[in-house]
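A short write-up of the structure that comes next.
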Amino acid sequence: FGYLSYVLRDDNLAPCIQDPDLIVEPMSSGSSSQSARQSTPSSASSTTNEQPRPRNTGSSTRSSSASATSASNPTSLRWDRQTIQFSVNAWVFVVAVLAIFPLVPRNLSNRAYRLSFLGTACSSVYSLYSLHGKPRARNMQALQVYFQTIIVTKDFIYFIYSLTFVTSHLYLKFVLIPIMCRTLELVAKFFRSNFSSSSLYRKYLEEPCVWVESNTTTLSILSSQAEIGVGILLLISLLSWQRNILQTFMYWQLLKLMYHAPATAGYHQSAWAKVGRSVNPLIQHYAPLLNTPLSAAQRWWFR
């Protein structure tokens, strides 16, 4: 009643009160309470239906972002087989450069010389294990099948090549050329396949890597010629006090394997053909007595 009397005192509402046509219908308390009940659950239901949605959305967003982060971080930090092999090959290339650089002290150069062969041997063994695994069994038949599979691969050839010189007392820096060509090719291939979207790669390394990948044939020819030259140097070293007959015999067995293995046969056969075209006329003209031992060596070579 107090509120009603306050409203009735308002001068703005006076015309409405004095209007005789104004009819005020009373409202039942039941209908008002029922409408209030109906409006209250509807509003509550609307709030309950609307509130969890942003929560679920946020939680799903957080979970999806967390899963994306957890999925991306292990990939970026993962050390897979290719990354490990790339790290070893890059280290071998740097060490080989130190070994052949003329301004490096002799002790450091000799140590880098051995470490380059040791790293190449480890990289070759790891590559063989990654590609071919272990023998299926430890019996003689399984081992024979396994070695027949890996003996013609390039990794096995460079493993034997490294073992031939890692314990040698004869320091021939010329021997490091095939190792540097191999590691340079593998490092450039890894950069091209994994860092092509990097700005630093596009700025500094893209042109050298493209050149290396486009000149793999040239590098293989250079490696084969260097390997044949190393064999000739070992034959000449038999006349000096640094001769090593066992090492020379093992290396020429390896050259024979390189001549027949599918991975290196094309380049070595071409290089030996050039050597034959240059040397055979000289032998026929100046040293015909060497025809008999050379024919025996050729029978052993092609056997």
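The sequence shown begins at 3 in my numbering and counts up one residue at a time.
Heads up, the beta-carbon is just placed ideally off N, CA and C, and yes, glycines get one too.
Using beta-carbon positions only, say whether residue i and residue j come within less than 8 Å of one another.
| i | j | result |
| --- | --- | --- |
| Asp157 | Ser126 | yes |
| Ile162 | Thr266 | no |
| Leu248 | Asn91 | no |
| Phe103 | Met182 | no |
| Val106 | Leu174 | no |
| Met260 | Thr166 | no |
| Gln244 | Leu178 | no |
| Ile152 | Leu130 | yes |
| Cys246 | Ser170 | The question names Cys, yet the displayed sequence has Asn at residue 246. Cβ distance < 8 Å, so Asn246 and Ser170 count as in contact. |
| Lys258 | Trp303 | yes |
| Leu237 | Thr250 | yes |
| Val168 | Leu133 | no |
| Pro137 | Tyr148 | yes |
Report the three-state DSSP secondary structure of residue i (helix, strand or coil).
| i | result |
| --- | --- |
| Trp274 | helix |
| Leu235 | helix |
| Arg305 | coil |
| Arg39 | Note that Arg39 scores a pLDDT of 44, beneath 50, so its modelled location is shaky; the value from the coordinates is reported in the next line. Here Arg39 sits in helix by DSSP. |
| Ser170 | coil |
| Phe95 | helix |
| Phe103 | coil |
| Pro137 | coil |
| Ala289 | coil |
| Pro283 | helix |
| Thr266 | coil |
Please go through the same chain and pick out, in chain order, the residues whose beta-carbon is closer than 6 Å to the beta-carbon of residue i, but skip the five residues on each side of it.
| i | result |
| --- | --- |
| Ala273 | Ser226, Gln227, Ile230 |
| Pro290 | none |
| Phe88 | Phe192 |
| Ser198 | none |
Please work out which residues of its chain come closer than 8 Å, Cβ to Cβ, to residue i, disregarding the five sequence neighbours upstream and downstream, and give them in chain order.
| i | result |
| --- | --- |
| Phe193 | Tyr203, Leu207, Cys211 |
| Val99 | Met182 |
| Tyr269 | Ser222, Ile223, Ser225, Ser226 |
| Ile285 | Leu292, Asn293, Leu296 |
| Leu235 | Leu174, Phe176 |
| Leu256 | Ile159, Ile162, Tyr163, Thr166 |
| Leu186 | Phe95, Val214, Leu221 |
| Thr218 | Glu187 |
Cutting at 7 Å between CB atoms, please list the residues of its own chain near residue i, excluding the five before and the five after it.
| i | result |
| --- | --- |
| Leu117 | Val97 |
| Gln84 | Phe192 |
| Thr122 | Val94, Tyr160, Ser164, Ile181 |
| Ala101 | Ser111, Ala114, Tyr115, Ser118, Lys175, Leu178 |
| Arg305 | none |
Entirely enclosed alpha helix (DSSP H) segments - the segment 209-261, minimum 4 residues: 218-239, all fully within the segment 209-261.
Could I get the ranges of all uninterrupted alpha helix (DSSP H) runs contained in the segment 142-201, with 4 residues as the minimum, in chain order? 142-152, 156-168, 178-196
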